[in-house]
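Protein chains in written order, with our numbering: chain A, 539 to 605; chain B, 539 to 605; chain C, 539 to 605; chain D, 539 to 605; chain E, 539 to 605; chain F, 539 to 605.
Protein chains: 6
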Amino acid sequence: MKISGRNKLEATVKDITKGAVMAKVVMDYKGTELVAAITVDSVEDLKLAVGDKVTALIKATEMMIIK
Amino acid sequence: MKISGRNKLEATVKDITKGAVMAKVVMDYKGTELVAAITVDSVEDLKLAVGDKVTALIKATEMMIIK
Amino acid sequence: MKISGRNKLEATVKDITKGAVMAKVVMDYKGTELVAAITVDSVEDLKLAVGDKVTALIKATEMMIIK
Amino acid sequence: MKISGRNKLEATVKDITKGAVMAKVVMDYKGTELVAAITVDSVEDLKLAVGDKVTALIKATEMMIIK
Amino acid sequence: MKISGRNKLEATVKDITKGAVMAKVVMDYKGTELVAAITVDSVEDLKLAVGDKVTALIKATEMMIIK
Amino acid sequence: MKISGRNKLEATVKDITKGAVMAKVVMDYKGTELVAAITVDSVEDLKLAVGDKVTALIKATEMMIIK
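Here it is, written out as structure tokens:
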């Protein structure tokens, strides 16, 4: 199975904060902090927990560049 | 100056491909390839070139998680 | 393997148009036409072809509602 | 009136969950569950309620493909 | 008909550039330039032309803030 | 420092609502209301407060057009 999304970063879950609808998942990727805002449903569906090895996925059209 | 976007990855531009409207910018981030699809106007406005040190910016709501 | 993206539509590829950077992939989902704009790199990486059975993936934060 | 967004799915609202800022709207589209995360303001502005006939709108650049 | 997207800017089309898949639409909004990257199909479906009065639509989750 | 995002609107913060994960920031831009849904972390990191002069940033690929 392959996904069209071009950016895949293998990260480790460091912290999860749940609201009523959205959840914040903080990850570590080679010393850089990544933050994803996904639905609480997704956190539960994936049984996400601190320490999990995951892949952060970002579509190429969603990435900006600062110079 | 600070930006609300939570994910900032310091990367190096490796390759740029320009179409009529969109451009593909391939970057290296700690050994992982990043790909951003931005407008050609942005490439020219930022004078992006291979070898440039840049920051890839991703909003937390644009990041998915695979487990 | 599970993906946090909440919306997954099993569709069939009907048409692919490639530009220099972006490609348009037209799909059929139960009689409704779906259109995805992804990179040409992704089309090639997934070896997408007309007739392929695929899954269209959309993050919940990317879906609007009209009433 | 026409909207540039290419993907329009006629769905029925099945469930609404409101948080402080974001709301989750679960819809049924031809037997498939759709989930949109929109602002609570939007839910109130559209007077969204279970049973409403709505259209889920997705921009082509926001759709990924899995194969 | 109402759309959940919170940001609606009434603008005037100033320029359109078409590629094979994507088109760039430059608009004027009260003296500020807006740029949308939409599919060529959308430009044709809406019969977009210079001088058109349009509304630029942006979902709240797609807007970042710089301070 | 330049950002690839094509749309930059100089606005004034009018209201901030915080949830557990996401925050709603209402701004005024030349008499039009703008609404951004960003993380609470971003609101705190930028020390956003009512009356602040900010710039709303939107990537060209995130803007739709209604005609």
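Beta carbons: idealized from backbone N, C-alpha and C, even for Gly.
Beta-bridge analysis with DSSP links E/Met560 to E/Thr577.
Exposure of C/Met539 is indicated by the presence of fewer than 16 other C-beta atoms within 10 angstroms of its C-beta.
Comparing alpha-carbon positions, the option among D/Ala587, D/Met602, D/Lys597 lying closest to D/Asn545 turns out to be D/Lys597. F/Asp579 belongs to the set of residues whose beta carbon lies under 8 Å from a beta carbon in chain B. F/Lys591: member of the beta strand (DSSP E) spanning 591-596, first to last residue. The beta carbon of D/Ile604 falls within 8 Å of a beta carbon belonging to chain A, placing the residue at that interface.
For chain E, the residues of the segment 584-595 of chain F that bring a beta carbon within less than 7 Å of one of its beta carbons are Leu584, Leu586, Asp590, Val592, Thr593, Ala594, Leu595, in chain order. Among the residues facing chain C, A/Ala558 is not included, as its CB has no counterpart in that chain under 8 Å away. Per DSSP, the continuous beta strand (DSSP E) segment holding A/Ile603 begins and ends at 602-604. Against chain E, a Cβ distance below 9 Å from D/Ile576 picks out Ser542, Gly543, Arg544, Lys597, Ala598, Thr599. Pairing F/Leu584 with E/Lys605, the inter-Cα distance amounts to about 7 Å. Contact note: E/Met539 reaches chain D through Met539, using a C-beta cutoff of 8 Å and chain order. The way I'd put it, the segment 573-589 of chain D does touch the segment 554-562 of chain D; three or more beta-carbon pairs between them come closer than 8 Å. A straight line joining the alpha-carbon of C/Ile541 with that of E/Gly569 spans about 42 Å. Within the model, the alpha-carbon separation for D/Leu586 versus C/Ile603 is close to 9 Å. The Cβ neighbour count for C/Val592, taken over all protein chains shown within 10 Å, is at least 16; the residue is labelled buried. E/Met565 and C/Ala594 have their C-alpha atoms roughly 31 Å apart.
For B/Thr550, not one C-beta of chain A is nearer than 8 Å to its own C-beta. Residues of chain A with a Cβ closer than 8 Å to the Cβ of B/Thr555 do not exist, since the nearest Cβ in that chain sits about 12 Å away. The CB of A/Lys562 comes closer than 9 Å to the CB of Ala558, Val559, Met560, Thr577, Val578, Asp579 in chain F, given here in chain order. The beta-carbon distance between C/Lys552 and C/Val588, rounded to whole angstroms, is 6 Å. This is short enough to meet the 8 Å contact definition. Between the beta-carbon of A/Glu600 and that of B/Glu600 there is about 4 Å, and that keeps the pair under the 8 Å contact cut. Here F/Lys556 has Val578, Val581 as same chain residues with Cβ atoms under 7 Å from its own Cβ, once five neighbours each way along the sequence are excluded. Annotation: C/Glu571 to C/Thr550 spans about 10 Å, alpha carbon to alpha carbon. Across the structure, D/Ile554 and D/Asp590 are spaced so that their CA atoms are roughly 11 Å apart. Shown here for D/Tyr567: same chain residues with a beta carbon closer than 6 Å to its own, the five before and five after excluded, namely Leu547, Ala549 in chain order.
Rounded to whole angstroms, the separation of the alpha carbons of E/Gly543 and D/Gly543 is 12 Å.
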